[in-house]
Amino acid sequence: MSLSRRNFVIATSVAAGGSMVLSACSSGSSTGKKGGGAGHGGADKYTGSVVVGTKADSTGPAAEIPGAKKGGTIRGIAPDDFSHLDPQRIYFSWNSAIGDLFIRALTGYKIAADGSMKLVGDLATDAGTMSDGGKTWTFTLKDGLKWEDGKELTIDDVRHGIERGFASFTTEGAGYAQTALTGTADFRSKYKGPFGGKHLDSVVTDAKAKTITFKLAEARPDLNFTLAMTSYGAVPVKGDTKDKYDKDPVSCGPYRIKAHSIDKSMTLVRNPHWDPNTDSIRNAYPDSFVYEFGPEALQSADRLIADDGDDKYAVMAYSGVPAERIQKVLTDPELKKRTFNGLLTGIYYYAINTKRITDLKVRQAIIHAWPLEQIRKIYGGPSAGDYATSILSPDIVGYAKDDVYGKLKKPQGDPEAAKKLLKEAGKEGQKVVYAFPTSNTYNKTKVVIENALKAAGFTPVMKPLDSTSYYDQVQQIDNQFDVMWFGWSPDWPTGYTLMQPLFDGSTIANGANNISQLNVDWVNEAIKKNVVIADPNEAGKAWAALDKRIMTEEAPIIPETFQRRFYLYGEKVGGATFHPLWSSAVFYKLFVKA
Amino acid sequence: MTIPTPQAATPVEVEEAKPQSISGPSAVKGGDGRSPGKMAWLRFKRDRTGVISAYVVIFFFVIAICAPLIAKLYGKDPYTTYGSNDPSLLDDFGSPILPNGGISGDFWFGIEPGLGRDVFTFLLYGIRNSLLIAAATTLLVTVIGIAVGITAGYLGGKTDYLVGRVIDILLAFPSTLFFIAFWPVMLSILVAPDENTPVWLTVVSLISVMTAFGWASIARLLRGEVLALREREFVEAARVTGASPARIIFKELLPNLWTPILIQATLALPAYVTAEAGLAFLGVGLTDPTPDWGVMIQRGSDVYQSDITFMLFPGVSMVIFVIAFNLLGDSVRDALDPKTKR
């Protein structure tokens, strides 16, 4: 019999299998040797805490970056398009990251080379003057500010930007300043926005002196931080296309949008009317920015590892190096050179539903049992972040490291302590329903969580939820979950932006973020009291004390990690730094290397 | 989950000389009195690849059945996260510290990155679960396919037309997409929001969905065979002598159909193994912590750049199994149906 096709198939498949085995062994041992090495080589310094800068800090131009030169194109790769470009509709940090290039607000954050931040005047000459115990704030506009069509940026444009926040089509944006101005969270019932020709009485402008004064209904000693949010950026009165402004915003920053193909790409080019002397925050070295939307983290990481062609000028703009590649990137010195990293300001945690788990001892037992170390190992170990033990993150003014439940000593979980508490509560075998969004990572962490809860004497129930509707499902107040994966990032680095949305009982509603559904009188009152403390350090101490008391007496969350992210960039990219607030690259500091 | 119709659909020569009817004269003609079954067995034994494949397949089934026993002797189980419990096994990134995916005297096939479960027992139990699901599906598909196919072919007329259209629809249906879309919906109806999804429910629904979409191809094949057979003289003769339809189906038609049925079944089983693994890979079907071949390969595809050993064991074992089973199917066909030339 001649050699049939079938025999031939066997021969080749065995040969292929053999070579696979060989290559596997060699690659396995080369990575295996590195194992056990301590350290993640990432940032250890939290840079989110902010000092308020002086008038000199607010005066442009921004300090030159050593070695930087003008020209060239920087390419940003990101999984998603910018969902909004209208400043008043921007709340999502990825949109704010691009907003930095063409939107300017009264104040802004000046980021130093080491990542430390200063709050300075952006459109304003300084970070504002407070009087009347935080109820009145005054800002003076800089000279020489222009829109991309060459027209002057006036104080009316600044006011217009604030007032647009009341309009019916800007619900996506932040509401802090509107609430402070009107004294109610339902501020749209008080004022309908500037399009009816009416202005807010509480915002007073003086065109001659170029000042704008806010007369607040509630004291806000940190209003200057609030106004640094992209949601309060200036919009030209003439040229405002209302709800169409989202498609084609007018730039007052160093770049303007030249082309935008939704979900595909966006090109920004220089705005010739931007004067660097008016801007102490932004450098603007590249001639243009080109963003490409679509590639997921793994894809873009692989492209930047390959570093071919145009990708030499590319930067992972928003999604970090995923757990699957982090070891390869950090153990290869050539790749490691092309990374930047930073710690996120936010906290990842598990909310315990206090409506369902009413017994404090059971909640404490869950916290004791939770296997932080095993979870972080799945995320990628210490390179993925630091253990969290408090509600406030280390970036927050006044943060005090306290570890009420000894999680730093026993990050792998303490089933004995948990069992003891459960026994005291008489709830041995308590059922715990854990809800999480389905994804590769959380399907893994589920396994260690289930094991840890079993070891501590609970009856765990695992509920994987569809990741796109995850937030909608856990934000229902009548949900049937006991422990829910969650994360929160503060809008500016004071305790208020964490405590109020997450633990103020009055915010409990479908779609709200207080998913622990904590509604305790002393917490609600403390939040009201702390927000009006004028001295930032005193306020910080008060928030830290509240943090400790909530964790000790209420135990509504299991803090998990303050996460660290690594990003890759191409070999021709210079000046790559991490934006502590947006957790993206600081675009306006990038340059093309010679 | 769409199972490509194997080439077994090529018309199978009917061995007109049925065992009962040839016993007398042909025994003299053939000289040594071998039945067609014996001849097929002899032909199969001569086919070296077929025999080797059969051994490989039997080996897989034996280790699948004996998985708990092997795990007990070996002293590990697939659920304990050894790496998480013992910090000396995994490094800071969650990769095994020892080379080659952490292979050592304690962990023969290494340990899983991240969770640190034992790869050897996990693979054994994964093979066990996958084979169980695939074997059950194949059995059900074959039984339903035989019943529907023969009925439609024998009765003909309106029944045949109706069954034919149902088969058309099923074959045209995107079953994988259907399962991915309806799986979460079905679970939310069947499982209370504060209860775990029971593993048996997953297994039963996997088997039933794969069966629901799988019987159509075998039924269509058998219908065609029966259509040709029922006009043959021996069937007509049986009918004339007053045999009941049941007798005709079971005694006259079915013995002539064992060849395509066997071939179809042996080729379908590896297809269901890969289909089940594919569904698990896509995130429906069995999920962690239940060991599964597809779940392992999915995890392997995430980490292969830093730990290819973990991809290797489930991947290579599945390749070997599927190739061996397909070759076995080929050899069975060759043995039963020597006139099909390729």
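Line order of the protein sequences matches chains A and B.
For our numbering, add 687 to where a residue sits in the first sequence, where the first one is 1.
For our numbering, add 491 to where a residue sits in the second sequence, where the first one is 1.
Virtual Cβ for every residue (Gly too), placed ideally from N, Cα, C.
Please determine whether the Cβ atom of D744/A lies at a distance below 6 Å from any heavy atom of the ligand FAD.
Absence of the ligand FAD from the depicted structure is noted, as is the absence of any ligand whatsoever, leaving it without description.
Within 8 Å of chain B by C-beta, residues of the segment 997-1020 of chain A in sequence order
A1010, E1011, R1012, I1013, Q1014, K1015, L1017
If you check the beta carbons only, do A1104/A and R762/A fall under 7 Å apart?
no
E1303/A in three-state terms, based on DSSP:
Chain A is shown only over 688 to 1281; residue 1303/A falls outside these bounds and no answer can be derived.
I'd like to confirm the pairing. Which residues does DSSP put opposite D568/B in its beta bridges?
Answer is none; D568/B lacks a bridge partner.
Proximal residues of chain B, C-beta to C-beta of P1069/A below 8 Å
D583
In terms of residue numbering, what span does the beta strand (DSSP E) encompassing Q1250/A cover?
1244-1255
With a threshold of 7 Å between beta-carbons, can G719/A be considered close to chain B, or not?
Reliability fails at G719/A, whose pLDDT of 32 lies under 50, so the model's placement of it is uncertain and the value that follows must be treated cautiously. So yes, G719/A belongs to the interface.
Interface residues of chain B facing N1127/A [CB-CB closer than 7 Å]
D793
Check the Cβ-Cβ distances between Q1167/A and every residue of chain B, and say whether any is below 7 Å.
yes
Can you give me the start and stop residues for the alpha helix (DSSP H) that A872/A sits inside?
Here A872/A belongs to no alpha helix (DSSP H), and DSSP marks it neither H nor E.
Contacting positions in the segment 1131-1144 of chain A - beta carbon closer than 8 Å to chain B
K1131, K1133, V1134, V1135, E1137, N1138
Please determine if the segment 1262-1280 of chain A and the segment 961-976 of chain A are in contact, where contact requires at least 3 C-beta pairs separated by less than 8 Å.
yes
Name the chain A residues whose beta carbon is nearer than 7 Å to that of N687/B?
V1148, M1149
Nearest candidate by alpha-carbon position, reference L646/B, set S708/B, L718/B, T629/B
L718/B
Using the beta-carbon count (16 or more within 10 Å), is W1209/A buried or exposed?
exposed
Using Cβ-Cβ distances below 7 Å, what residues of the segment 603-627 of chain B are close to chain A?
G605, L606
Cβ of I1245/A within 7 Å of any chain B Cβ:
No, its Cβ sits nowhere closer than 7 Å to a Cβ of chain B.
Using Cβ-Cβ distances below 9 Å, what residues of the segment 558-586 of chain B are close to chain A?
Considering only beta carbons, the part of the segment 558-586 of chain B lying closer than 9 Å to chain A consists of Y570, T571, T572, G574, S575, N576, P578, S579, L581, D582, D583, F584, G585, S586, in chain order.
State buried or exposed for A750/A, treating a residue as buried only when at least 16 other CB atoms are found within 10 Å of its CB.
exposed
How is R790/B classed by DSSP in three states: helix, strand or coil?
helix
Under a CB-based cut-off of 7 Å, is D779/B close to chain A?
yes
Contact set for P1223/A: own chain, Cβ-Cβ below 6 Å, skip 5 residues either direction:
V1084
6 Å CB neighbourhood of N964/A in its chain, flanking five on each side removed
G747, P748
Would DSSP call V739/A helix, strand or coil?
Of the three classes helix, strand and coil, the one that applies to V739/A here is strand, per DSSP.
Beta-carbon contacts of L910/A that lie in its chain and below 8 Å, excluding the five residues immediately before and after
Excluding residues within five positions, the ones whose Cβ falls inside 8 Å are G815, M817, G821, W824, A864, A867, F901, L903.
When we look at the beta-carbon of L748/B and count the other beta-carbons within 10 Å, is it buried (16 or more) or exposed?
buried
Chain A beta carbons: is any one of them nearer than 7 Å to that of A499/B?
Summary for A499/B: the model assigns pLDDT 43, below 50, so the residue's position carries little reliability; its value from the coordinates is reported in the next sentence. Cβ-Cβ to chain A under 7 Å: no for A499/B.
Just tell me which of G1093/A, V890/A, G837/A, Q1167/A has its CA closest to the CA of F1123/A.
Q1167/A
Beta carbon of D614/B, beta carbon of F804/B: below 7 Å?
With the sequence shown as reference, residue 614/B is identified as Leu, and Asp is not the correct amino acid for it. Their beta carbons are under 7 Å apart, which means L614/B touches F804/B by this criterion.
In terms of residue numbering, what span does the beta strand (DSSP E) encompassing N911/A cover?
Careful: N911/A lies outside any beta strand (DSSP E), inside the alpha helix (DSSP H) at 910-913.
Using a C-beta cutoff of 7 Å, does P684/B count as contacting chain A?
Taking Cβ atoms only, chain A reaches closer than 7 Å to P684/B, which makes this a yes.
Same chain only: Cβ atoms within 7 Å of I658/B, ignoring 5 sequence neighbours per side:
The answer, listed in chain order, is A707, A710, R711.
Members of the segment 1053-1066 of chain A that neighbour chain B once the beta carbon cut-off is set at 7 Å
Answer set for the segment 1053-1066 of chain A: Q1061, K1064, I1065.
For I740/B, which residues in the same chain have their Cβ closer than 7 Å to its Cβ, ignoring the five residues on either side in sequence?
I641, Y645
Compare the C-beta of S797/B against all C-beta atoms of chain A and say whether one is closer than 7 Å.
yes
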